[in-house]
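Residue numbers (the UniProt record's numbering): 1 to 357.
Quick reminder that beta carbons are idealized off the backbone N, C-alpha and C, glycines included.
Treat the numbers as computed from the prediction; the structure is a model and nothing was measured.
In structure tokens, the structure reads:
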């Protein structure tokens, strides 16, 4: 059986429009499946307008990458595991989902590229309260269609993600305004390598695939795949997860800010839990629609028999911070550009279905 090959070339031109630009490079995504895996090659160039880079908050320029990702077509639901050390997944346009930051508080002070640009090294609770903004659905904590933020910082190298509990490291959140990381209207910015990547709702991508800023779309919007092979959808899902005829609603995460104040001294940065740090949030089962991996089981247009799927949300965690399945090593940040084993062969495959428990 022949391989399934999908090749996208998305030509763009350079246009300045307020604080957005369309990159003077063409987006390339090549997808193929065999009986076991989905393979995606991409140059990481977005197929939608981006913010202007470099900008005051990010000194880096977008450049083409050489991504080679692989993910299983038969993902299995297992115990939640941290996504630290991995890209969470890849969007349909080949741009990675990478919600963590390199900026953090430690008992020895603040660290990370953006902190250094803001005169880091001091101890304290951060750089001010998180800001709001518009995303898709009800007002939330993520930025929507707005200009990129200013401020003397710059996107750090691949890294971030919540550390293990109890190691006295507190990770700054990219979305919220405590650090100015130069995020654009797609909640994205650029690493020193030139890699454009999403920290939250990729608004331009969502619109390209049928989403709307001010109203519910006609159907669920598939935006990519996680490193473990499960699909990733934007914001909306069926009110009854097992009934495709039920109305679409904006799904809510089950994370809330902790109450009270953070520990201080050697144990933490002090100050109230306000969203400055990843560790300011806690999962409370049942307060939202999604589990602690920001996903659920249900039917979707692409998986009518049902599957586990992740959801990007307006509020924390924005992009999930945990996997339900086993991430492929091609998404590891310790060598993610190397081609995964078997990248060149195989026959046409099929999409996975509802996982077993």
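Through-space distance from residue j to residue i, alpha-carbon basis
| i | j | result |
| --- | --- | --- |
| residue 148 | residue 208 | Note that residue 148 has pLDDT 31, beneath the 50 cutoff, so the model's placement of it is unreliable and the number below is only indicative. Cα-Cα distance, rounded: 20 Å. |
| residue 293 | residue 316 | 11 Å |
| residue 260 | residue 271 | 9 Å |
| residue 299 | residue 182 | 37 Å |
| residue 193 | residue 63 | 8 Å |
| residue 53 | residue 80 | 35 Å |
| residue 106 | residue 314 | 28 Å |
| residue 255 | residue 288 | 8 Å |
| residue 110 | residue 305 | 48 Å |
| residue 248 | residue 295 | 16 Å |
| residue 354 | residue 241 | Unreliable placement is indicated for residue 354, whose pLDDT of 43 sits below 50; the coordinate value is still reported in the next sentence. Distance between the alpha carbons of residue 354 and residue 241: 12 Å. |
| residue 278 | residue 257 | 10 Å |
| residue 307 | residue 75 | 9 Å |
| residue 169 | residue 236 | 33 Å |
| residue 363 | residue 96 | Only positions 1 to 357 of the chain appear in this structure, which leaves residue 363 out of reach. |
| residue 252 | residue 238 | 12 Å |
| residue 332 | residue 47 | 24 Å |
| residue 198 | residue 108 | 29 Å |
| residue 203 | residue 112 | 27 Å |
| residue 286 | residue 195 | 36 Å |
| residue 189 | residue 100 | 12 Å |
| residue 184 | residue 326 | 31 Å |
| residue 273 | residue 262 | 6 Å |
| residue 282 | residue 51 | 31 Å |
| residue 297 | residue 217 | 20 Å |
| residue 290 | residue 98 | 20 Å |
| residue 312 | residue 206 | 11 Å |
| residue 187 | residue 265 | 32 Å |
Of the residues the options, the one placed nearest residue i, counting alpha carbons only
| i | options | result |
| --- | --- | --- |
| residue 49 | 67, 26 and 33 | 26 |
| residue 33 | 229, 175, 265 and 282 | 229 |
| residue 176 | 327, 55, 275 and 31 | 275 |
| residue 178 | 211, 233 and 104 | 104 |
| residue 280 | 268, 214 and 30 | 268 |
| residue 172 | 322, 114 and 219 | 114 |
| residue 36 | 82, 59, 72 and 56 | 72 |
| residue 102 | 180, 234 and 215 | 180 |
| residue 31 | 55, 58 and 94 | 94 |
| residue 330 | 55, 85, 77 and 200 | 85 |
| residue 210 | 38, 301 and 284 | 301 |
| residue 214 | 250, 200 and 291 | 250 |
| residue 60 | 77, 191 and 83 | 191 |
| residue 246 | 265, 219, 264 and 266 | 219 |
| residue 201 | 310, 56, 328 and 38 | 310 |
| residue 233 | 319, 77, 244 and 264 | 319 |
| residue 323 | 243, 78 and 58 | 78 |
Helix, strand or coil at residue i according to DSSP, with G and I counted as helix
| i | result |
| --- | --- |
| residue 148 | Model confidence at residue 148 stands at a pLDDT of 31, short of 50, so the residue's coordinates are unreliable; what they give is reported in the following sentence. Correct three-state label for residue 148: coil. |
| residue 181 | coil |
| residue 374 | The first residue shown for the chain is 1 and the last is 357, placing residue 374 beyond what the model contains. |
| residue 113 | helix |
| residue 253 | coil |
| residue 410 | Since the displayed the chain opens at 1 and closes at 357, residue 410 lies outside it and no answer follows. |
| residue 208 | helix |
| residue 50 | strand |
| residue 88 | coil |
| residue 36 | coil |
| residue 278 | helix |
| residue 97 | strand |
| residue 330 | helix |
| residue 237 | strand |
| residue 261 | strand |
| residue 60 | coil |
| residue 312 | strand |
is_contact[residue i, chain B] using C-beta, thresh 9 Å
| i | result |
| --- | --- |
| residue 318 | The structure shown contains no chain B; it is built from a single protein chain. |
Residues sharing a beta bridge with residue i, DSSP
| i | result |
| --- | --- |
| residue 42 | 29 and 67 |
| residue 73 | DSSP lists no partner for residue 73. |
| residue 231 | 225 |
| residue 189 | 197 |
| residue 298 | 307 |
| residue 82 | 322 |
| residue 273 | For residue 273, which the question treats as bridged, DSSP gives no partner whatsoever. |
| residue 104 | 111 and 171 |
| residue 55 | 58 |
| residue 358 | This structure does not reach residue 358, given that the chain is present from 1 up to 357, and the question cannot be answered. |
Any non-hydrogen atom of the ligand NAP within 8 Å of residue i CB
| i | result |
| --- | --- |
| residue 53 | Judged by which ligands are present, the structure shown has none, so any question about the ligand NAP falls away. |
Handout entry: Three or more C-beta pairs below 8 Å linking the region 34-50 and the region 65-75
Key = yes
Practice task
Indicate whether the contact test is met: 3 or more Cβ pairs, each with one atom in the region 85-97 and one in the region 216-230, closer than 8 Å.
Solution key: yes
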